[in-house]
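See structure below.
In our numbering, the protein residues as written are -12 to 166.
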């Protein structure tokens, strides 16, 4: 009878992956994505404090503001998973008052949609829309807008629909053929 090696699965698999991504970051410290992956795997392993510590390292190592914002959003996700809703809410409030760019608002909105807080997701999609320069919205209406604008509007429409809200002018514009 041959012995079979049992494949790693579940939390141990994620712990091993997290350690590997941290080692990858040590070898390539300019690749902050390795830390995001490590934090994600610590989160999946249920090691929330380790995930939060790694996300702190992202904020310390990040060369781009987008990475800091993404670390803050992922921190909220970890706090929610850990049952630390009050801390997650405080972090979201700090994010909201920092007036992030539209892309950052969309990132938060999608997280909130994922955890089932549709009213808050709608508010964040609306904040993204309010932060969007008018010329980008006009370009979208003319059929030459950036894909990010269409992505924002589709997400906003999806959440509004899930909330049972009737389509507004922007929701309808997303469905209309270009040109």
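We treat Cβ as the ideally placed atom computed from N, Cα and C, and that holds for glycine.
| Check | Outcome |
| --- | --- |
| Are the beta-carbon atoms belonging to residue -2 and residue 26 less than 8 Å from one another? | no |
| Would you decide whether residue 85 is buried or exposed? Buried here means 16 or more other CB atoms lie within 10 Å of its CB. | exposed |
| Report the rounded CA-to-CA distance for residue 164 versus residue 63, giving the unit in angstroms. | Unreliable placement is indicated for residue 164, whose pLDDT of 41 sits below 50; no coordinate value is reported for it. |
| Here's a check: name, in chain order, each residue in its chain whose Cβ is nearer than 6 Å to the Cβ of residue 43, leaving out the five neighbours to either side. | none |
| Considering only residues of the same chain and omitting the five flanking positions on each side of residue 102, which have a CB-CB separation below 8 Å? | 64, 67 |
| Considering Cα atoms alone, identify which of 69, 73, 107 is closest to residue 83. | 107 |
| Could you tell me the alpha carbon to alpha carbon distance between residue 78 and residue 59, rounded to whole angstroms? | 8 Å |
| Along the chain, which unbroken stretches of the alpha helix (DSSP H) at least 4 residues long are found entirely within the stretch 40 to 120? | 52 to 68, 72 to 84, 89 to 101, 105 to 118 |
| What's the call for residue 3, buried or exposed, on a 16-neighbour Cβ count within 10 Å? | exposed |
| Counting only the same chain and skipping the five closest in sequence on each side, list residues whose C-beta sits under 6 Å from that of residue 46. | 55, 58 |
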